[in-house]
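The numbering of the sequence shown is this note's numbering, which starts it at 210 and goes up by one.
Report on one structure; see the data block that follows.
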Amino acid sequence: MNKFNTTIVILICFILVVPVQDINAQCPPTTAGPGNSTVSNTVTVATSVGSNSFNTFNDSETDFGTSGWTAPAVNGTCGDSDPAGTNPVVLVADCNSDVSQTICYEFPVSSFDPAETGATADFIGFDFSYLNTTVNAADGSEVDLVGILDSEAYQTVGGVCTQLVPAQLNPYGHPEFDDPTGTPGTDAGAFDPNSSIWFCVEVGFTMGSTAGCGDPTENGGAGSGVTTFTCGNAVTYGNGDTNVAAATCGSSFTYCYDDGLTDNVIWEVCPTSPTEGVALTIDAGSFETSFDILEIYTGASGSGTGGTQLFGDWGDLTGETVQSFEGECLTLVISSDGTSGSCVGGSETALAVSTTCLTPCDETCAAVTTEGCNVWVTPDDTFAGSYDEIEANGGVSCFPSLNVSTTTQSHTSCYEYVATTPSFVVLPGTSTIEYQDTDGNECDQNITNITVYSDGTGCTTPVDITATNEFTGATIGNTYVVCVTGEAGNGAAEGVCAFECIATSITPLAPVCDQFNAELLYARDCNTVVFAIGFDTDAAGVPTNGATSDPADYTWTMNSSIAGTQTDNIGFFDTDADGDGDFLGNIMTFTADQLEQGCNPVPWTTSVTVLCPDGTTTATLDAGLGVQTLSSFDVIADFGETTVLYPDVANFTLVETPGGCGTAPMVTITAPNGDVCYTETGTAPTEPACGSGATNSSPLSYDQTFGDSSADALISGDCSRQFMNTIAADCVALPCACDAEAGTICPEAP
């Protein structure tokens, strides 16, 4: 996806201003006089008097971020014996001529923040504001501000005055200098704490040329005009050996730009770690269209305009955003022409920016619980139509921009999602920007993977849905982790491509709960119930009532007064054997457990509860008897029938015990559940006289039938079993006992 492209054209005009008076090369006098004023009291930083106020450098130290800018207790003002600056210095300038004024300020080094004057911070500068007005110029001549023509700095140690070098205007337009005892650009020196630092600036003005210039009636004599100049205030700052205010992400910055700037680096803001980036928002600020420009670069600290340009524009810039490449700083640069309007001139709005730190999105399922990224969960069945729609609803996860100009890079963003429906769709997109683009964004970008962890934060069961974008079988209320991987490269781009965001929306799919219109009752066997609920269909399997839901997405639960096993057969069936399918639904079979069956047929209540795909709503049926709720719904009763569970006679246990002398015959029949269905004990046969050769018999005959289903019209087949047999019980006469020695004589056989 393409957020914006940046094409930059810079038009800059310059006017060279030549000082008309050299600054006094001597140390400032100890007695204040015109043009050389000493510090006399503490004043506030800002000076503003009505509509004629020119607060040229009216910045407080907080404008410079978190780099340690300080305002010491002693500040400067000007004017002989005029600590408040209420008595103006009067400057007279002829038509088309220039005039300048030199003002000096003295600051004891002891007044500075010690942290800014020690060996690790030996750079000091100051900020300056002033006021000028025009009086007695009846012809309309105006006094035009030229600005600071020159600046010098001195250090007095033990009464010896030494000019400090270098003394220059830093990129803000503030006078600044380094400790001469150290090496410029390093932190090798420190100011003598007993010294004083003098700042001297020369400010210049010029009289504008008009037709009436030179009117002898003007105050001051023929050909002259009068202006008043009132010194404003000075504020000091220190920031090590650097010319650019530096800050870290999270800081804010304001700046009012002047005319005549060329690639002025005004601010650098850096991330706090190599894996972070800086996101910058322009909260306010305008630049003269076609003449003044704000540029923003990304690069290493100190790279300035040597980095990659990300932004360049003029006009009202409020609301513009920029983010750095990963681990790089943002540098703000201003260029302006020398004659047109500026913020200092009052025609443009001061620049105000704020920043935040960009951290990478979690790229693994295991890490997402600590810090997830942004994802937009849409209303049910409402799919995002564009990247902009996802972005507008907070579904964009931006990370430190990845520079893909030389190497293709990828990034994964992971999100937590609590399912509200059994299925959901993940629609992601990527965002790349081509900087220095001339003919449209040609950066390569695509989504390479979408993975849903079906066990959520357990992170052990990944499901790849890249091909379909849809995850099915979610449990409502469960947490899932969705990880989206995007990839970007420079492609055919002539500029520099950056990969910065992944946009993701998750759309719950509202479950469709169509009303069933068909029910079937099948012939059953002795311990099994078979019935079906579904849709009537045409030969192609399309429901005739317009239903669109899949019976497989419903939850089917058969209820039984006796434990057993449920079997589902969901599909498209030919129930009337005419060669064309006519039913789409679930043919359900419930078989009673063997060990739950006793000796006799018993009433058997079987019903079904059908839940819609959302898992909460109960489905309904209208098969010609009105709308019926499928909650413990008795299909058999709906057909005007009852059902009976018949004994599992095939698994009855038969035990026969034969009889004998003194032992009665016995039979026992036991059902699978352990119930004794039948038992009988016969009579033991008597014993015949010994030696008689006779046999006495008392057999036991039995005939028992179980599971008679002959009167049940629903039964296909015979559930009964007949147990019939005769159990022998015989007792045979034994030989008589004889003993010759005992005098017992055995009878002789006849």
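Heads up, the beta-carbon is just placed ideally off N, CA and C, and yes, glycines get one too.
- Which one or two residues does DSSP pair with G524 in a beta bridge? F496.
- Message: Please classify G902 as buried or exposed, where buried requires at least 16 neighbouring CB atoms within 10 angstroms.
- Response: Its Cβ having fewer than 16 others within 10 Å, G902 is exposed.
- Message: To the nearest angstrom, how far is the alpha carbon of G900 from that of C870?
- Response: C-alpha of G900 to C-alpha of C870: approximately 15 Å in a straight line.
- Neighbourhood of L611 by C-beta distance below 8 Å, restricted to the same chain and skipping five residues each side: These residues qualify, in order along the chain: F534, E535, Q618, H620, A697, A707, F708, E709.
- Message: Within a Cβ cutoff of 8 Å, which residues of the same chain sit near S482, ignoring the five residues on either side of it in sequence?
- Response: Cβ neighbours of S482 beyond the five flanking positions: G536.
- Task: Check each candidate in S495, T716, L923, E643 and name the one with the smallest Cα separation from I599.
- Result: The candidate whose alpha carbon is nearest that of I599 is T716.
- Message: Measuring straight from C-alpha to C-alpha, what distance separates I656 and T746?
- Response: Pairing I656 with T746, the inter-Cα distance amounts to about 40 Å.
- Task: Please look up how many angstroms separate the CB atoms of V531 and T514, rounded, as I've assumed it's under 8 Å.
- Result: In fact, because the Cβ distance is near 15 Å, the residues do not count as touching under 8 Å.
- Message: Just to confirm, is the Cβ distance from S510 to C479 under 8 Å?
- Response: It is a contact, given that the beta carbons lie within the stated cut-off.
- Task: For M166, count neighbouring C-beta atoms within 10 Å of its own C-beta (all shown protein chains included) and say buried if the count is 16 or more, exposed if not.
- Result: Outside the displayed span of the chain (210 to 959) sits residue 166, for which this structure offers no information.
- Query: At what residues does the alpha helix (DSSP H) containing A846 begin and finish?
  - Reply: 844-847 is the span of the alpha helix (DSSP H), which, as asked, contains A846.
- Across which residues does DSSP place L830 in a beta bridge pair? Among the bridge pairs identified by DSSP, L830 is matched with F725, Q837.
- Query: What do you get for F500, buried or exposed, if any count of 16 or more other CB atoms within 10 angstroms of its CB means buried?
  - Reply: Classification of F500: buried, given that the 10 Å Cβ count is 16 or more.
- Query: Which stretch, first to last residue, makes up the alpha helix (DSSP H) that contains D597?
  - Reply: Taken as a continuous stretch (DSSP letters only), the alpha helix (DSSP H) holding D597 covers 596-601.
- What whole-angstrom Cβ distance do C458 and C566 have, given they're in contact under 8 Å? Right, the Cβ-Cβ distance comes to about 4 Å (below 8 Å), so this counts as a contact.
- Query: Out of curiosity, what's the CA-to-CA distance linking D664 and S632?
  - Reply: Going by C-alpha positions, D664 is about 15 Å away from S632.
- Item | D884 - DSSP class collapsed to helix/strand/coil | For D884, the three-state secondary structure derived from DSSP is coil.
- Query: From S495, V721, L539, pick the residue whose C-alpha is nearest to that of D522; which is it?
  - Reply: Out of S495, V721, L539, the CA that lies nearest to the CA of D522 is found in S495.
- Which of the three DSSP states, helix, strand or coil, is assigned to P483? In the structure shown, P483 sits in coil (DSSP, three-state: anything other than H, G, I, E or B).
- Query: Of the residues N905, V691, A719, D912, which one's Cα is nearest the Cα of T892?
  - Reply: Closest option to T892, Cα to Cα, is N905.
- Query: Can you tell which of T800, I674, P822 has its C-alpha closest to the C-alpha of T757?
  - Reply: The shortest C-alpha separation from T757 is found at P822.
- Item | Nearest-angstrom Cα separation, counted from E485 out to V584 | V584 and E485 have their alpha carbons spaced roughly 21 Å apart.
- Query: Going straight from the alpha carbon of T826 to that of V661, what length do you get?
  - Reply: Taking the Cα positions, T826 is about 26 Å away from V661.
- Task: Assign V751 to one of three DSSP states: helix, strand, or coil.
- Result: Collapsing the DSSP output to three states places V751 in coil.
- Query: Using the beta-carbon count (16 or more within 10 Å), is G667 buried or exposed?
  - Reply: An exposed status is given to G667, since fewer than 16 other beta-carbon atoms sit within 10 Å of its beta-carbon.
- Message: Could you tell me the alpha carbon to alpha carbon distance between P874 and C940, rounded to whole angstroms?
- Response: Their backbone Cα atoms lie some 12 Å apart in a straight line.
- Take A741 and list the residues in its own chain whose beta-carbon comes closer than 6 Å to its own, dropping the five residues that flank it on each side. Cβ neighbours of A741 within its own chain (closer than 6 Å, five residues either side excluded): L729, G794, I796.
- Buried versus exposed, by CB contacts within 10 Å (16 or more), S545: Around the beta carbon of S545, 16 or more other beta carbons sit within 10 angstroms, so the residue counts as buried.
- Beta-carbon contacts of E889 that lie in its chain and below 6 Å, excluding the five residues immediately before and after: Taken in chain order, the residues that qualify are V876, Y911.
- Query: Relative to the alpha-carbon of F932, which residue among A859, V721, G516 has its alpha-carbon at the smallest distance?
  - Reply: Of the listed residues, the one whose Cα sits closest to F932 is A859.
- Message: Could you tell me the alpha carbon to alpha carbon distance between D626 and S841, rounded to whole angstroms?
- Response: In the sequence on display, residue 626 carries Tyr and not Asp. Roughly 33 Å separates the two Cα atoms.
- Residue environment, G508, which counts as buried when at least 16 other CB atoms sit within 10 Å: Flag for G508 reads buried.
- Task: Measure from the alpha carbon of I685 to the alpha carbon of each residue in T615, A749, N726, A719, then state which is nearest.
- Result: Selected option, being the one with the closest Cα: A719.
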